[in-house]
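Participant: Taking this note's numbering, the leading residue of the sequence shown gets 787, the next gets one more, and so forth.
Before we start, here is the structure in question, set down as structure tokens.
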Amino acid sequence: MKVLVVGSGGREHALCWAIAASPLCDRLWCAPGNAGIAQAAECVPVAADDVAGLVAFARANGVDFVVVGPEQPLVAGLVDRLTEVGIKAFGPSQAAAEIEGSKGFMKDLCARHGIPTAAYGRFRDAAAAKAFVRRTGAPIVVKADGLAAGKGVVICQTVAEAEAAVDDVLVGGRFGTAGAELVIEEFLDGEEASFFALCDGTTALPLAGAQDHKRAFDGDRGPNTGGMGAYSPAPVLTPELERRIMAEIVEPAVRGMAAEGRPFTGVLFAGIMVVPGPDGQPVPKLLEFNARFGDPECQVICRRLASDLLPALVAAADGQLDHVSLRWREEVALCVVMAAEGYPGDYVKGTEIRGLDRAAEIEDAVVFHAGTARAADGRVLATGGRVLGVTASARTIIDAQRQAYAAVDLIDWPEGFCRRDIGWRALERT
């Protein structure tokens, strides 16, 4: 097969790394890719949100299968355009991708199909939104309805904070068109985790659970980010909780989307909050659905998967997941994100990263690139906020953590930083 992966982050590097190992893959491209991805695939200068350009490239090069990484091209209808010209793709249609593209749609879907989630309201009028806030009380969560690059969620500790957030988004236009509508919902207090399932429109096949670290600094302090690290499996997601997530959240969503004429194919990412139930036992509630792999969760999932990933992705696109079974390594995988100083605020681009070859020599460690480019003289330069995902696997969480940080410490990048406590929740449980 000739395969094209769309995207340029750590998620896409992990996907390329896994797909390149498949005996089914004869040729692999990535658009636009990065310096690390270039070691596994041919990078082509077509932006991930350039739908017309991606379709034209796929047609001109006889691409057999396209794997779409980020949410933007999915919401923009890339899979639909590829299907129209006879090219198979992994990912949901534009109509199905609304499960991530509109938080209001996703919450209404949950209400229609009995999926447990936080109580909520949808608002375009600031006065009505503030009245809901005052009735509900704080803490409370204010969310932009549309895609806001992971920055559209404000957790408000007081009613005054929530009213200010409403004005900021609806009146001040903080998130542009993504904030033309708000979802305001009750605050769920518990432990957050991520759960993934492959879907073919009617069938859902569980992948694995993971747990990421959103805050920028150790001890879960500092601003929220796109993710500073992750590990899998997540001890909070016991086998019983994973069964409940499939039965109460994932499968009802897949059935509901099919019944509403929006069959979901691709990977369904369920953001889960584990909260105490009426009897004190943990129960899962849905925070949100995403229509693609998480980042950096994808890195640890790919590291743990023992089966060939490519035929599973093809089976999802073909509606044949009921014939697929997956094997998983027993090891724990842990990913430490290295980011540019200043992230998630302003940060400097173009700084040199050295020592990557030495880091890759650490046993069972892989350095996934997220925001890098190779200069004409061969140097690897940082071009993004989250830049590297140093990932290791080992028998236990403590060993995986040691291996990952041993690789981190061999990377010479004074302008970068990372958290030093990735995996702390799992370590606390052991």
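All C-beta atoms in this analysis are idealised placements derived from N, C-alpha and C, irrespective of residue type, glycine included.
Let's test the definition: count the other Cβ atoms within 10 Å of the Cβ of R1211 and tell me whether it reaches 16, buried, or not, exposed.
Facilitator: By the 10 Å Cβ count, R1211 comes out buried.
Participant: Using a Cβ-Cβ cut-off of 6 Å (strictly less than) and excluding sequence neighbours within five positions of F909, which residues of its own chain qualify?
Facilitator: For F909, where only same-chain residues beyond five positions count, the Cβ hits under 6 Å are A915 and L968.
Participant: Just the C-alpha distance for L1142 and I823, rounded to the nearest angstrom, thanks.
Facilitator: Between L1142 and I823, the C-alpha separation is close to 14 Å.
Participant: Over the uninterrupted beta strand (DSSP E) stretch that includes A983, give me the two end residues.
Facilitator: First-last of the beta strand (DSSP E) with A983: E977 to D986.
Participant: Under the assumption that L984 contacts L1107 (Cβ atoms under 8 Å), give the Cβ distance between them as a whole number of angstroms.
Facilitator: With 8 Å as the limit, L984 and L1107 qualify as a contact, their Cβ atoms being about 6 Å apart.
Participant: List the residues that DSSP assigns as beta-bridge partners of E1138.
Facilitator: DSSP, once it has assigned bridges, lists L1167 as partnering E1138.
Participant: Helix, strand or coil: how does DSSP classify C1204 here?
Facilitator: Note: C1204 maps to coil in three-state DSSP.
Participant: Within this structure, are the beta carbons of R1048 and A1125 separated by less than 7 Å?
Facilitator: No, the pair does not count as a contact, with Cβ atoms beyond the cut-off.
Participant: Compare the beta carbon distance of M1014 and R797 with 7 Å and say whether it is the shorter of the two.
Facilitator: In this structure, R797 does not lie closer than 7 Å to M1014 by Cβ.
Participant: Does DSSP classify D998 as helix, strand or coil?
Facilitator: Strand, per DSSP.
Participant: Quick one: grab the DSSP three-state call for L1107.
Facilitator: In the structure shown, L1107 sits in a helix (DSSP, three-state: H, G or I).
Participant: Taking the alpha-carbon positions, what's the E1149 to Q1189 distance?
Facilitator: Distance between the alpha carbons of E1149 and Q1189 is about 7 Å.
Participant: Is D1198 buried or exposed, if buried means 16 or more other CB atoms sit within 10 Å of its CB?
Facilitator: By the 10 Å Cβ count, D1198 comes out exposed.
Participant: Counting beta carbon pairs with one atom in the stretch 1021-1041 and one in the stretch 1147-1166, are three or more of them shorter than 8 Å?
Facilitator: No, because fewer than three Cβ pairs between the stretch 1147-1166 and the stretch 1021-1041 fall closer than 8 Å, the two stretches do not touch.
Participant: Go to F918, then tell me how far its beta strand (DSSP E) extends in each direction, as first and last residue.
Facilitator: Careful: F918 lies outside any beta strand (DSSP E), inside the alpha helix (DSSP H) at A912 to T922.
Participant: Cβ of G932 less than 7 Å from any chain B Cβ?
Facilitator: Judged by its chain identifiers, the structure shown contains no chain B, having just a single protein chain.
Participant: Would you give the residue range spanned by the alpha helix (DSSP H) that A800 belongs to?
Facilitator: Start and end: G796 to A806.
Participant: Could you pull the start and end residues of the beta strand (DSSP E) that P1062 belongs to?
Facilitator: First-last of the beta strand (DSSP E) with P1062: T1051 to P1062.
Participant: Rounded to a whole number of angstroms, what is the C-alpha to C-alpha distance between D1004 and V1122?
Facilitator: Each residue's alpha carbon lies about 12 Å from the other.
Participant: Taking all protein chains shown into account, do 16 or more other C-beta atoms lie within 10 angstroms of the C-beta of R1078, making it buried, or fewer, making it exposed?
Facilitator: The residue is buried, with at least 16 neighbouring Cβ atoms inside 10 Å.
Participant: Name, in chain order, the residues that DSSP records as bridge partners for S888.
Facilitator: According to DSSP, S888 bridges with nothing at all.
Participant: Taking just the CA atoms, how far does A1056 sit from G1066?
Facilitator: Rounded to the nearest angstrom, the two C-alpha atoms are 23 Å apart.
Participant: So, is A946 buried or exposed, given that buried needs 16 or more other C-beta atoms within 10 angstroms?
Facilitator: That one is exposed.
Participant: Starting from K874, follow its DSSP beta bridges and name the residues at the other end.
Facilitator: In DSSP, K874 forms a bridge with F851.
Participant: Among A1168, C896, L790 and M892, whose alpha-carbon lies nearest the alpha-carbon of F851?
Facilitator: It is L790.
Participant: Residue range of the alpha helix (DSSP H) that P809 falls in?
Facilitator: Counting along the chain, P809 falls outside any alpha helix (DSSP H), and DSSP gives it neither H nor E.
Participant: Pull the bridge partners of P818 from the DSSP assignment, please.
Facilitator: Looking at the DSSP assignment, P818 forms a beta bridge with G793.
Participant: Let me make sure I understand the geometry here. Which of L933, I873 and P878 has the alpha-carbon closest to that of G863?
Facilitator: It is P878 whose Cα lies nearest to the Cα of G863.
Participant: May I ask which residues mark the beginning and end of the alpha helix (DSSP H) holding I1087?
Facilitator: That run of the alpha helix (DSSP H) goes E1083 to R1090.
Participant: Can you say whether A826 is buried or exposed, counting buried as having 16 or more other CB atoms within 10 angstroms of its CB?
Facilitator: Flag for A826 reads buried.
Participant: Is P831 buried or exposed, if buried means 16 or more other CB atoms sit within 10 Å of its CB?
Facilitator: By the neighbour-count rule (16 or more Cβ atoms within 10 Å), P831 is not buried but exposed.
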